[in-house]
Amino acid sequence: MTKKIIGIIPARYKSSRFPGKPLTKLLGKPMVLWVAELSGKALGNENVFVATEDERIKKVVEDEGFNVVMTSDTHLTGTDRLSEVAQKVHADIYINIQGDEPTINHEIIQAVANMKVNNDSYVINAMAKLNTDEDPGNINIPKVITTEDNEMVYMSRMTIPGFKNYENRPETYYKQVCIYAFNREQLLGFGDFGRKSRLESSEDIEILRYLDLGIGVKMLEVEGNSYAVDVEEDIAIVERRLKEIHKL
23 MTKKIIGIIP
33 ARYKSSRFPG
43 KPLTKLLGKP
53 MVLWVAELSG
63 KALGNENVFV
73 ATEDERIKKV
83 VEDEGFNVVM
93 TSDTHLTGTD
103 RLSEVAQKVH
113 ADIYINIQGD
123 EPTINHEIIQ
133 AVANMKVNND
143 SYVINAMAKL
153 NTDEDPGNIN
163 IPKVITTEDN
173 EMVYMSRMTI
183 PGFKNYENRP
193 ETYYKQVCIY
203 AFNREQLLGF
213 GDFGRKSRLE
223 SSEDIEILRY
233 LDLGIGVKML
243 EVEGNSYAVD
253 VEEDIAIVER
263 RLKEIHKL
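Residue numbers (our numbering): 23 to 270.
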C-alpha cells in the first residue's frame, strides 16, 4: 500500500529571537517560499503545508498556491505545531521541514521520507558533518551523538562528544539537520505530553522530548552544505549560498 506523505513547514511569525523570520526576504523572495518550493520538488506542491499562526504568512503562501493550516499561537515548539496539523490533516508520514533552511537539498527530504517508510517505529532525523567554517562550540548548532548504527544517544548545543585524551578526539562533529519524519501517533503523542521535557527545555532542542516518550530516533547522515538563518547576521551567508545553488 502506498503511504500518504506530506511535508509541513512550521512558520511562526512571533519568534522571540527573530520576529517575522519566515517573511524575511532572501534575494527578494520570502524565506518561507524558498522552503515551500524546494519541498514541492521533493513531495509535490499539493503535499506541502505551511503551519502558521499569522495571517500575513498565510496570504503570502496561499498566493503562491501552497496549502496553509492555521494553528494556535501558543505552541511551545514547531513539533507541537505539527501535532495540531496531524489532528486536522490525516497522513501516514509527516515530514517536518524547517522553515529557516532554504538551501537544503530537496533530495534530503526524499531520503528522510524513504527511511521512515522502512523504519516506522522510529522518528527519523537528518544529520551532517559540520562544514569546515562551522564552529563545534557554536550554541546555535545542535550537535548529535549516535550509536554505531546511527540511533540517537543525545543532542546538545554543547560540543559533543567530549574526549579525555587529545588523541581520542572525534575526527568530526555532527550537526542536526532539521528535517524530521513522524507517523501520526508519534506526533499526537508529542503534543499530548503537554510541556517541554526537562532536557528539551534545558537544551532548547525539541527532538529530545522523544527520549522521555521512549521513542527511538534514527539519524540519517546527509550532505551538510546547508545553512540556516538563525539570526539576521546569517542572511548574507544564506543569500550567497542560494546564488551558488540557483546560479543567480
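Quick reminder that beta carbons are idealized off the backbone N, C-alpha and C, glycines included.
- Query: For the candidate residues L60, E75, V166 and E222, whose alpha-carbon lies nearest to that of G29?
  - Reply: If you number the sequence shown from 1, residue 29 lands on position 7. Closest option to G29, Cα to Cα, is L60.
- Query: Mapping DSSP to helix, strand and coil, what is M180?
  - Reply: One-based indexing of the sequence shown puts residue 180 at position 158. Secondary structure at M180: coil, using DSSP grouped into helix, strand and coil.
- Where does E228 land, buried or exposed, given buried means 16+ other C-beta within 10 angstroms? Position 206 of the sequence shown, counting from 1, holds the residue named residue 228. Residue burial annotation: E228 is buried, with at least 16 other C-beta atoms found within 10 angstroms of its C-beta.
- Item | Test: N89 CB closer than 9 Å to a CB of chain D | The structure shown contains no chain D; it is built from a single protein chain.
- Item | Beta-bridge pairing of A33 - partner residues as DSSP gives them | By 1-based counting over the sequence shown, the position of residue 33 is 11. For A33, the pairing in a beta bridge is given by DSSP as T74.
- Message: Suppose the cutoff is 7 Å on Cβ atoms and the five residues either side in sequence are ignored; what does the same chain contact list for A135 look like?
- Response: By 1-based counting over the sequence shown, the position of residue 135 is 113. Closer than 7 Å at Cβ, skipping near neighbours: I27, I115, I117 and A203.
- Secondary structure at A148, three-state DSSP: helix, strand or coil? Position 126 of the sequence shown holds residue 148. In this structure, DSSP gives A148 an extended state, which the three-state scheme calls strand.
- Task: Determine the DSSP secondary structure at P52, reduced to helix, strand or coil.
- Result: On the sequence shown, residue 52 is found 30 positions in, with the first residue counted as 1. The answer is strand: DSSP assigns P52 an E or B state.
- Query: Considering only the beta carbon of each residue, do E123 and N89 sit closer than 9 Å?
  - Reply: For the purposes of this step, residue 123 is taken as the residue at position 101 of the sequence shown. For the purposes of this step, residue 89 is taken as the residue at position 67 of the sequence shown. Not closer than 9 Å, so no.
- Integer Cβ distance of P164 from L104, believed to fall under 8 Å: Within the sequence shown, residue 164 is the residue found at index 142, counting from 1. Within the sequence shown, residue 104 is the residue found at index 82, counting from 1. Incorrect: roughly 18 Å between the Cβ atoms, too far for contact.
- Task: Report yes if the C-beta distance between V83 and A58 is below 9 Å; otherwise report no.
- Result: Counting from one through the sequence shown, the residue named residue 83 turns up at place 61. Counting from one through the sequence shown, the residue named residue 58 turns up at place 36. Their beta carbons are under 9 Å apart, which means V83 touches A58 by this criterion.
- Query: Just checking my contact of V199 with K43 at CB under 8 Å: how many whole Å lie between their CB atoms?
  - Reply: By one-based count along the sequence shown, residue 199 stands at place 177. By one-based count along the sequence shown, residue 43 stands at place 21. Contact flag wrong, Cβ pair sits at about 18 Å.
- Item | Opening and closing residue of the alpha helix (DSSP H) in which Y232 lies | In the sequence shown, counting from the first residue as 1, residue 232 sits at position 210. Note, Y232: alpha helix (DSSP H), R231 to L235.
- Query: When the Cα atoms are used, what is the spatial distance from G213 to E106?
  - Reply: One-based indexing of the sequence shown puts residue 213 at position 191. One-based indexing of the sequence shown puts residue 106 at position 84. Spanning the two alpha carbons is a distance of roughly 8 Å.
- Message: Tell me the rounded alpha-carbon separation between G305 and N141.
- Response: In the structure displayed, the chain extends from 23 to 270; residue 305 sits before or after that span and is not available.
- In the DSSP assignment, what are the bridge partners of T168? Within the sequence shown, residue 168 is the residue found at index 146, counting from 1. BP columns for T168 point to M174.
- Which of the three DSSP states, helix, strand or coil, is assigned to K47? For the purposes of this step, residue 47 is taken as residue 25 along the sequence shown, with counting starting at 1. DSSP, reduced to helix, strand and coil, places K47 within a strand of the structure shown.
- Range covered by the alpha helix (DSSP H) that runs through E266: By one-based count along the sequence shown, residue 266 stands at place 244. Where E266 is concerned, the enclosing alpha helix (DSSP H) stretches over I257 to H268.
- Item | Identified DSSP bridge partners for L65 | Working through the sequence shown from its first residue, we reach residue 65 at position 43. DSSP, once it has assigned bridges, lists no residue as partnering L65.
- Would DSSP call K138 helix, strand or coil? For the purposes of this step, residue 138 is taken as residue 116 along the sequence shown, with counting starting at 1. Reduced to three states, the DSSP call for K138 is helix.
- Item | CA-to-CA distance, E86 to T154, given in whole angstroms | Residue numbering aside, residue 154 sits at position 132 when the sequence shown is read from its first letter. Residue numbering aside, residue 86 sits at position 64 when the sequence shown is read from its first letter. Their backbone Cα atoms lie some 36 Å apart in a straight line.
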